[in-house]
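Residue numbering for the sequence shown follows this note's numbering, beginning at 1 and increasing consecutively.
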Amino acid sequence: MAQIQLTPAQRKDHRAEAHHLNPVVMIGTDGLTEGVKKEIDAALTSHGLIKVRVQSDDRPGREEMFRALAEELDAAPIQHIGKLLVFWRPVPEKEKKVSEDRMPGPRDVKVLKNSSRYGQRPEVKTLRVLGNQRLTPGGSVKRSKPKQTSVKKRAQD
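Now the structure itself:
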């Protein structure tokens, strides 16, 4: 896989965004294992911009890890400072599942209400009508269906 190429301005913006982040993955003394690569890939998929902490004191080894991870995971290498490595990869769009039996959501309706004082202009009010409600001709919100009660409760009344 080819790594993502960024302009210096884009790299600078990502560095600024990553400044307040904490490391998501830590690479221990075992080095770059398949499990570590899998965790970094999962973090990049969910977050997009991540920091990785390397416990090794070997600077050339960390530089090699930085380059290898960027190539293998198809990520843009943003920064290598000390024992921290910063990577970025665009987050994929999530597919929204649309359910056929889903009820309608809330909607905002503007209603003209006559003023309580005679001779004043009518007021425009915005009411939120939920999926199980309806708007009456008088401008008030009511439930569409009466609240259902059990047979036992109806017998008690």
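Backbone N, C-alpha and C define an ideal beta-carbon position, used for all residues, glycine too.
**Item:** Supposed close pair LYS125, VAL111 - CB separation, criterion 8 Å
**Value:** 5 Å
**Message:** Between the alpha carbons of GLU17 and SER46, how many angstroms are there, rounded?
**Reply:** Their Cα atoms are separated by approximately 16 Å.
**Request:** State yes or no: is the C-beta of ARG62 within less than 8 Å of the C-beta of HIS80?
**Result:** yes
**Asked** Are PRO92 and VAL52 close, meaning C-beta to C-beta below 8 Å?
**Response** no
**Request:** Report the residue from SER150, ASP157 and THR33 whose alpha carbon sits nearest the alpha carbon of GLU72.
**Result:** THR33
**Message:** I need the DSSP call for ASP41, collapsed to helix, strand or coil.
**Reply:** ASP41 carries a helical assignment under DSSP once its states are collapsed to helix, strand and coil.
**Request:** Taking GLN79 as part of the beta strand (DSSP E), name the residues at either end of that continuous run.
**Result:** For GLN79, the uninterrupted beta strand (DSSP E) segment begins and ends at 76-81.
**Request:** Give me the Cα-Cα distance between GLY105 and VAL98, rounded to the nearest whole angstrom.
**Result:** 13 Å
**Request:** Run the CB neighbour count on VAL109, radius 10 Å, all protein chains shown included, and call it buried at 16 or more, exposed below.
**Result:** Residue burial is scored here from C-beta neighbours: VAL109 has fewer than 16 other C-beta atoms within 10 angstroms and is therefore classed as exposed.
**Prompt:** Which residue from ALA68, HIS19 and PRO137 puts its Cα closest to that of VAL162?
**Reply:** Given a span of 1 to 157 for the chain in the structure shown, any question on residue 162 remains unanswerable.
**Message:** Taking 8 Å as the threshold (C-beta atoms), are ALA76 and ILE27 in contact?
**Reply:** no
**Asked** Considering only the beta carbon of each residue, do VAL25 and ALA9 sit closer than 8 Å?
**Response** Not closer than 8 Å, so no.
**Prompt:** Excluding the five sequence neighbours on either side, which residues of its own chain have a C-beta within less than 7 Å of the C-beta of GLY139, listed in chain order?
**Reply:** Within the same chain, GLY139 has close Cβ partners VAL111 and LYS113.
**Asked** Mapping DSSP to helix, strand and coil, what is VAL24?
**Response** VAL24 falls in the coil class under three-state DSSP.
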